[in-house]
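A.B. asks: Take a look at this one; I'll ask things after.
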Amino acid sequence: MTKLSRDIAGPCLVPGGSVVAIGAFDGLHRGHQALFAQVQRRARSLGCAAAVVTFEPLPRTYFSAEPLPRLSSVREKLLGFAAADFGQVHMLRFNAGLAAMSARDFVQRVLVERVAAKEVWVGADFRFGHKREGDVALLRELGEKAGFAGCVMPAILLDGARVSASRVRQLLGAGDFAAATALLGRPFVIEGKVEYGNQLGRTLGFPTANIHLRERVSPVQGIFAVRVGLGESECSWPGVASLGVRPTVNQVSRPLLEAHLFDFEGDLYGRRMAVEFVAKLRDEQKFDDLDALKAQMDHDARSAREILGMNPVLARA
1 MTKLSRDIAG PCLVPGGSVV AIGAFDGLHR GHQALFAQVQ RRARSLGCAA AVVTFEPLPR
61 TYFSAEPLPR LSSVREKLLG FAAADFGQVH MLRFNAGLAA MSARDFVQRV LVERVAAKEV
121 WVGADFRFGH KREGDVALLR ELGEKAGFAG CVMPAILLDG ARVSASRVRQ LLGAGDFAAA
181 TALLGRPFVI EGKVEYGNQL GRTLGFPTAN IHLRERVSPV QGIFAVRVGL GESECSWPGV
241 ASLGVRPTVN QVSRPLLEAH LFDFEGDLYG RRMAVEFVAK LRDEQKFDDL DALKAQMDHD
301 ARSAREILGM NPVLARA
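For the sequence shown, position 198 matches number 198 in UniProt numbering, and the numbering has no gaps at all.
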C-alpha cells in the first residue's frame, strides 16, 4: 500500500531509511520508469524503503504566467507510483514557502528529516532550492555531509534523443501519437469521471460522455479517433472525441473532453472513463450553424471508424 504525505514538517516517514527518486514526474514516461526501476533495485539491495519526493502543483506551472499543458493528473501520477511499488510518496505542496526554501534547507528538512535518505536519485539536469540554486554537484556535496549519496540516472535515449516530458508534449501537440506512445511506454490517455453536459450532442445524433478538465491544460486539442476504457477495463471501445471549447455553440470557457462511443447503449454518468487518443482528425473550427456542424460530425465519425478498423458505411449518413 502506498502512503501519501504532503507536508514538509513532521516526523520521519521512513525511520528505516529510504532510497529516493525526486522529480516532477509529469507523464511517468520511459525515463521516469527507468529511474523508478533503479530506485527499487537499490532499495532492495540496501534493505530499505523506496520513496518518491515530488511536487504539486508542478514547479514550472507555479512559476509560469500562462497555463501550461501537463501529461498526467495528480490521480494518474499516484496510480503510477503505486504501480511502480512505491510505499511512500511525499508529494510536497509547491507554494511560496517551498519556492523560497534554500537548497540546504530542502536537503535537511525533506531528504534527511522526512525521508531519511540513504541514496537520492535524480536526472542530470536536476535543480532545486530557491531560484534553482542547487544542482547535482551541490546535492552530492550536501549529501556527503548528511550521510546519503547523490546519484544521477543516465538519460534514456530513443532514436538518439533523450526521453523527456517536453518532447512528449511536442509530439502530442503535433498529433504524432505513435511517437509519443514510444516515449511514454503506453498510449496517451486522459481519464476522469463522466459528468452531465447540456446534451447538445444527443440532439445532433451524437450523444457524448463528458469529462471536465477544469484547471488541467491538455497538450492536445481538436477532433480525434479514440478508444475508450470504462471503469477498470482497457481502452478498447471505439469512438470519436472532441477536446476544446466548442466554438460553434460557445458554451464552455474551459476545455471539455467529449467522447462519442460508437454503437454504445447505456448510462455512463458517474462512471470513470479513460480516453486513448489514436489519431487527430482535424482542429476545432467554428461553423455557421448546427446543420453544418452535424454534417462535419458525420464526416468525422466515418473517418474515425475507418481509422479504427470499423466499417465506415455504418456511420450515420
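Even for Gly, the Cβ is constructed at its ideal location relative to N, Cα and C.
Can you tell which of V189, K280 and P15 has its C-alpha closest to the C-alpha of G47?
C.D. replies: The option with the nearest alpha carbon to G47 is P15.
A.B. asks: Please classify G10: is it buried, with 16 or more other beta-carbons within 10 angstroms of its beta-carbon, or exposed?
C.D. replies: Exposed, by the Cβ-count rule.
A.B. asks: Along the chain, where does the beta strand (DSSP E) that runs through Q285 open and close?
C.D. replies: Taken as a continuous stretch (DSSP letters only), Q285 belongs to no beta strand (DSSP E), as it is neither H nor E.
A.B. asks: Is there contact here, the stretch 85 to 100 with the stretch 39 to 56, by at least three beta-carbon pairs under 8 Å?
C.D. replies: As far as the Cβ criterion goes, the stretch 85 to 100 touches the stretch 39 to 56, which means the pair count is three or higher.
A.B. asks: Hey, V163 and L13 are a contact pair by Cβ (cut 8 Å); roughly how many whole angstroms apart?
C.D. replies: In fact, because the Cβ distance is near 29 Å, the residues do not count as touching under 8 Å.
A.B. asks: Quick check on DSSP: helix, strand or coil for M91?
C.D. replies: In this structure, M91 counts as strand in the three-state DSSP scheme.
A.B. asks: Less than 8 Å separating the beta-carbons of L138 and A103?
C.D. replies: In this structure, A103 lies closer than 8 Å to L138 by Cβ.
A.B. asks: To which residues of the same chain is V74 closer than 6 Å at the C-beta, ignoring the five residues directly before and after it?
C.D. replies: Correct list, in chain order: E56.
A.B. asks: Do the stretch 168 to 180 and the stretch 143 to 150 meet, that is, are 3 or more Cβ pairs less than 8 Å apart?
C.D. replies: In short, these stretches do not touch, since the Cβ pair count stays below three.
A.B. asks: Between the alpha carbons of A99 and T208, how many angstroms are there, rounded?
C.D. replies: Using only the alpha carbons, I get a separation of about 41 Å.
A.B. asks: With a cut-off of 8 Å on the beta carbons, I'd call R272 and K193 a contact; round off their distance for me.
C.D. replies: With 8 Å as the limit, R272 and K193 qualify as a contact, their Cβ atoms being about 6 Å apart.
A.B. asks: For Q258, collect the residues of the same chain with a Cβ closer than 6 Å to its Cβ; drop the 5 residues on either side in sequence, then sort them by chain order.
C.D. replies: First, the amino acid is wrong: residue 258 is Glu here, not Gln. Counting only Cβ-Cβ distances below 6 Å, and skipping sequence neighbours, we find T208, N210 and S242.
A.B. asks: Could you check which residue in R70, F94, Q33 and L78 has the C-alpha nearest to that of Y62?
C.D. replies: Of the candidates R70, F94, Q33 and L78, the one whose C-alpha sits nearest the C-alpha of Y62 is F94.
A.B. asks: Nearest by alpha-carbon distance to residue 340: which of R169, G17 and D263 is it?
C.D. replies: Because the chain is modelled from 1 through 317, residue 340 falls outside the range shown and cannot be assessed.
A.B. asks: Which residues bound the alpha helix (DSSP H) around F188?
C.D. replies: Counting along the chain, F188 falls outside any alpha helix (DSSP H), and DSSP gives it neither H nor E.
A.B. asks: Would you kindly work out how many angstroms separate the C-alpha atoms of F128 and L184, rounded to a whole number?
C.D. replies: The alpha-carbon atoms of F128 and L184 are separated by roughly 25 Å.
A.B. asks: Residues in the same chain with beta-carbon distance under 6 Å from A315, minus the five sequence neighbours each way, listed in chain order, please.
C.D. replies: In this prediction, A315 has a pLDDT of 48, which is less than 50 and means its spatial position is unreliable; nothing more can be read from the coordinates.
A.B. asks: Rounded to a whole number of angstroms, what is the C-alpha to C-alpha distance between E191 and E276?
C.D. replies: Using only the alpha carbons, I get a separation of about 9 Å.
A.B. asks: Please confirm whether V136 and V122 have their CB atoms less than 8 Å apart.
C.D. replies: Against a cut-off of 8 Å, the Cβ pair of V122 and V136 comes out as a contact.
A.B. asks: Nearest-angstrom Cα distance between H212 and G147?
C.D. replies: Looking at the two C-alpha atoms, the distance is approximately 46 Å.
A.B. asks: Under 8 Å between the Cβ atoms of M153 and L35?
C.D. replies: Yes, Cβ-Cβ distance for M153 and L35 is below 8 Å.
A.B. asks: For E133, does the three-state DSSP call read helix, strand or coil?
C.D. replies: Note: E133 maps to coil in three-state DSSP.
A.B. asks: For F81 and V226, what's the separation of their Cα atoms in angstroms?
C.D. replies: Cα-Cα distance, rounded: 26 Å.
A.B. asks: Jot down the residue ranges of each uninterrupted alpha helix (DSSP H) in the stretch 152 to 188, minimum 4 residues, whole runs only, in chain order.
C.D. replies: Runs of the alpha helix (DSSP H) inside the stretch 152 to 188: 165 to 173 and 177 to 184.
A.B. asks: Which runs of the alpha helix (DSSP H), 4 residues or longer, sit entirely within the stretch 32 to 61?
C.D. replies: Listed in chain order, nothing qualifies, since the stretch 32 to 61 has no complete alpha helix (DSSP H) run of 4 or more residues.
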